[in-house]
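Visitor:
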Amino acid sequence: MTSPAEIPSYLQVVALPRECGPLLVPSAYEDENGHMNIRHYFDLEAQAIAEVFDRMGITDDYRTTRGQGFFTAEHHIRYYAEVHVGDHVSVHARIVDRSDKVVHAMAFLVDDTTERLASTLEVTATHVDLISRRVVPFADDVAGAVDRERAGTDVAWPAPVCGAMGVRARAAR
Numbered sequence: 344m345t346s347p348a349e350i351p352s353y354l355q356v357v358a359l360p361r362e363c364g365p366l367l368v369p370s371a372y373e374d375e376n377g378h379m380n381i382r383h384y385f386d387l388e389a390q391a392i393a394e395v396f397d398r399m400g401i402t403d404d405y406r407t408t409r410g411q412g413f414f415t416a417e418h419h420i421r422y423y424a425e426v427h428v429g430d431h432v433s434v435h436a437r438i439v440d441r442s443d444k445v446v447h448a449m450a451f452l453v454d455d456t457t458e459r460l461a462s463t464l465e466v467t468a469t470h471v472d473l474i475s476r477r478v479v480p481f482a483d484d485v486a487g488a489v490d491r492e493r494a495g496t497d498v499a500w501p502a503p504v505c506g507a508m509g510v511r512a513r514a515a516r
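Our numbering applies: residue 344 is where the sequence shown begins, and numbers increase by one.
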């Protein structure tokens, strides 16, 4: 498990691969408080994580041919700045850690209009057999794809994880 870290700057985040956007926030995204509704932060950030998983080969074809995929075990969303209708946003992502069965990833929603980090979505996803519904280890090619993705988003700043979730070491029996 990783410890909490400082919030990265806008410039640090936009150095990561952009997975979604840029998107002009439409009026349909506004809530009763005059800013973007929480469901849209989550949807955009979840879409970014899905893009990363697709790039690692966890696609519909993978699920069909291998009968395996990812189940989200935990997620944690944090808000740092309001996003308003008319702002341009984008979402960037990185792999934080992995074990032989679990991936810990983060998505970063930035407001490109104000140049601020607006939100993060932290996810742990377990690799599962879709028939037995049990957690199973990654095949070597998938583990390699996860490692390549992680190396491609290796940056000098630590991920601002919540500290309550992540890849856990299994206790000795």
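Where is the CB? At the ideal position from N, CA and C, for every residue including glycine.
Rounded to whole angstroms, what's the CA-CA distance from T402 to A486? Just pull it up for me.
Guide: Taking the first residue of the sequence shown as position 1, residue 402 is located at position 59. Taking the first residue of the sequence shown as position 1, residue 486 is located at position 143. Looking at the two C-alpha atoms, the distance is approximately 15 Å.
Visitor: Could you tell me how far apart the beta carbons of F451 and T463 are, in whole angstroms, since I believe they sit closer than 8 Å?
Guide: Position 108 of the sequence shown, counted from the start, is the residue given in the question as residue 451. Position 120 of the sequence shown, counted from the start, is the residue given in the question as residue 463. Right, the Cβ-Cβ distance comes to about 6 Å (below 8 Å), so this counts as a contact.
Visitor: Kindly indicate which three-state DSSP category G509 falls into: helix, strand or coil?
Guide: For the purposes of this step, residue 509 is taken as residue 166 along the sequence shown, with counting starting at 1. Coil, per DSSP.
Visitor: Let me check one thing: in DSSP terms, what residues is V432 bridge-paired to?
Guide: For the purposes of this step, residue 432 is taken as the residue at position 89 of the sequence shown. Paired residues: L366 and D454.
Visitor: In this structure, what does DSSP give as the bridge partners for R421?
Guide: Numbered from its first residue, the sequence shown carries residue 421 at position 78. T463, per the DSSP bridge assignment.
Visitor: Between the alpha carbons of P503 and R491, how many angstroms are there, rounded?
Guide: By 1-based counting over the sequence shown, the position of residue 503 is 160. By 1-based counting over the sequence shown, the position of residue 491 is 148. C-alpha separation (whole angstroms): 21 Å.
Visitor: Tell me whether A482 sits in a helix, a strand or coil according to DSSP, three-state version.
Guide: The residue labelled residue 482 in the question sits at position 139 within the sequence shown. Note: A482 maps to coil in three-state DSSP.
Visitor: How big is the Cα-Cα spacing for Y384 and P360?
Guide: Here residue 384 corresponds to residue number 41 of the sequence shown, with the count starting at 1. Here residue 360 corresponds to residue number 17 of the sequence shown, with the count starting at 1. Cα-Cα distance, rounded: 18 Å.
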